[in-house]
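Notes to accompany the following structure.
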Amino acid sequence: MITRPAEGTPVRPITEEELPAWSRALNAGFLRTPTTSPETVTKRRAHFDLTRTRAAFDETNPGRPGHQVATFRSFAQTLSVPGGATVPTDAVTNVTVSPTHRRRGLLSRMMADDLAEAKARGDVAATLIAAEYRIYGRYGFGPAATTARWEIDVPRAGLDPRWSGPTDGARIDPADPEEVRRIGPALHARVRARVAGVPSRDDFWWQYATGRWPTPEDPWTEPFYAVYRTADGEVDGLVAYRADDHWGDAKVPGNTATVLNLLGATPAAERALWHHLCSIDWVTTVRTDGRAPDDLLPHLLPDPRAARIVTQADFLWVRILDVVRALEARTYAASGDLVVQVRDGAGFAEGRFRLSAGPDGASCVPTTEAPQLTLDVGELGALWLGDVSAVRLAALGRVGEETEGAAARADALFRTARRPWCVDMF
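Throughout, the working numbering is defined as the position within the sequence shown, counted from one, plus 6.
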């Protein structure tokens, strides 16, 4: 809620000369040391689209006129949807407001400008990772994918401690950053084709993740890499992980392997890579990266209780901008029709639509027919990737069931056999 106007605080994209101050404001907003190194500014200058990098400028401060007190950035992204297609999205990140300038509508102004531009560009939706739950619903975002992290008690897992690799002709090999940059993009594309909610990775992502852009604030420590290849030589899996060095008083090893990213194009690749991690000498604990909450991992172990969830929370949030293209881009578990009334205070997705959907695709058109389901655009974003139940939302009072059974019909259409998985923080 805005409690006072932001007069004297213009909001606009920054210039190249303003990027160092923007970086300082970003750090301060995230409660990090404000100082920003020249290396970090150089990295951002090479990668950021400054036309989509915004700030709020306090012109009323007598000591520091023009001081940046809020930051906001977006970038081009594509997102995978059920059925394997990808759609263009507006990825929102680097959102901060100085604690001295809260509750003045600065975020609302930056968000409104960015979403209007995204709609004009033709983006189907906007996405973000929400640091706090209560902020982004007011802008039409809904939580669309959940993340989970597991911790594996290796001795309890029941895996064969003498395992040295696959026995079906497949193999696991070490890799280095250069090889990862070469083979990673194609593997990532295969994963996106079968998993909804996976954001795109551009070339900068692969370079940054493999040590090409270290900075004093973000120094690079090379992890271990392992690649899974089938008997035919196909790269079906890749894992990056780090390990600590912990030994007990009786000279008993108790090291933890922490997974940074594990991608498997097939269940066989996932099984082999998790088994590999649990077979490394001295490692007694494996901590996973962020996984889908229905990940295969626990039940790949002889004793699934050896893997306990240490984190589970909402992760990817979606804001639909184009209802027709969003609903037509994905496939559906069953065939059927549904008339939905979408409420959107900003107007981007407002309207009534008839969805005729099935496993082979869908048609979505504006209609004047009586609605069967009424919902806000944030709830539509939550339903879109198949992770959330319309029946549950109706029970919570967040979806209006205008026709008996409409919520159950929506679930039959929208829900997916596997839950969406947002692989990356952005």
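Here a beta-carbon is modelled for each residue, glycine too, at the ideal position from N, C-alpha and C.
Within the chosen definition, does the segment 162 to 176 reach the segment 275 to 289 through at least 3 CB pairs nearer than 8 Å? Three or more pairs of CB atoms, one per stretch, sit closer than 8 Å, so the segment 162 to 176 contacts the segment 275 to 289.
Selection from 429, 353, 146 that minimises the alpha carbon distance to residue 294: Considering only alpha carbons, the answer is 429.
Nearest-angstrom beta carbon gap, residue 81 and residue 55 [assumed within contact, 8 Å]: Yes, residue 55 and residue 81 are in contact; Cβ-Cβ is about 6 Å, under 8 Å.
Taking 7 Å as the cut-off, does the CB of residue 360 come closer than this to any heavy atom belonging to the ligand ZN? Because no ligand of any kind appears in the structure shown, any question about the ligand ZN cannot be addressed here.
Top-ranked residue by Cα proximity to residue 208, from 122, 195, 220: When each option's Cα is compared against that of residue 208, the closest is 195.
Same chain only: Cβ atoms within 6 Å of residue 16, ignoring 5 sequence neighbours per side: Taken in chain order, the residues that qualify are 63.
Taking the continuous beta strand (DSSP E) assigned at residue 362, which residues delimit it? Looking at the DSSP string, the run of the beta strand (DSSP E) that includes residue 362 is 357 to 364.
For residue 142, tell me which candidate among 297, 66, 118, 395 has the shortest Cα-Cα distance. Of the candidates 297, 66, 118, 395, the one whose C-alpha sits nearest the C-alpha of residue 142 is 118.
Under 8 Å by Cβ, that's how I've got residue 427 and residue 204 pegged, so tell me the actual separation to the nearest angstrom. Their Cβ separation, rounded to whole angstroms, is 6 Å, which keeps residue 427 and residue 204 in contact under 8 Å.
In the DSSP assignment, find the unbroken beta strand (DSSP E) run with residue 50 in it and report its ends. Going by DSSP, residue 50 is part of no beta strand (DSSP E) but of the alpha helix (DSSP H) stretching over 44 to 53.
Specify whether the segment 120 to 135 and the segment 214 to 232 touch according to this definition: at least 3 beta carbon pairs, one from each stretch, less than 8 Å apart. In short, these stretches do not touch, since the Cβ pair count stays below three.
Apply the 10 Å Cβ neighbour rule to residue 57 and answer buried if 16 or more other Cβ atoms are within range, or exposed otherwise. By the neighbour-count criterion, in which 16 or more other beta carbons inside 10 Å mark a residue as buried, residue 57 falls on the exposed side.
Please name the residue or residues paired with residue 73 in a DSSP beta bridge. Its beta-bridge partners are 64.
Helix, strand or coil: which one does DSSP assign to residue 99? Here residue 99 carries a strand assignment [DSSP, helix/strand/coil].
In this structure, how does DSSP classify residue 430 when only helix, strand and coil are distinguished? In the three-state DSSP reduction, residue 430 falls in the coil class, being neither helix nor strand.
From 219, 369, 288, 387, residue whose alpha carbon lies closest to that of residue 257: Among 219, 369, 288, 387, the Cα nearest to that of residue 257 belongs to 288.
Pick from 393, 379, 188: whose alpha carbon is nearest that of residue 411? Nearest option by C-alpha distance: 379.
Between residue 385 and residue 148, is the Cβ-Cβ spacing less than 8 Å? A contact, by the Cβ cut-off of 8 Å.
Simplified DSSP state of residue 329, which is helix, strand or coil: DSSP places residue 329 in helix when its eight states are reduced to three.
Taking the C-alpha atoms as reference points, what is the distance between residue 282 and residue 213? Distance from the CA of residue 282 to the CA of residue 213, rounded to the nearest whole angstrom, comes to 26 Å.
For residue 356, count neighbouring Cβ atoms within 10 angstroms of its own Cβ and tell me buried if that reaches 16, exposed if not. Its Cβ having fewer than 16 others within 10 Å, residue 356 is exposed.
Opposing strand residues paired with residue 86 [DSSP bridges]: Per DSSP, 92.
Assumed close pair residue 337, residue 89 - CB separation to whole angstroms, cut-off 8 Å: Confirmed, Cβ separation roughly 3 Å.
Inter-stretch contact at 8 Å, needing at least 3 Cβ pairs: the segment 322 to 338 / the segment 295 to 304: When C-beta atoms of the segment 322 to 338 are compared with those of the segment 295 to 304, fewer than three pairs fall below 8 Å, so the two segments do not count as touching.
Looking only at its own chain, which residues have a Cβ that is under 6 Å from the Cβ of residue 249, when we skip the five neighbours before and after it? Excluding its 5 nearest sequence neighbours in each direction, residue 249 has C-beta neighbours in its own chain below 6 Å: 261, 263, listed in chain order.
Span of the beta strand (DSSP E) around residue 135: Note, residue 135: beta strand (DSSP E), 131 to 135.
Suppose contacts are defined by Cβ-Cβ distances below 8 Å. Is residue 396 in contact with residue 405 by that definition? Going by C-beta atoms, residue 396 is nearer than 8 Å to residue 405.
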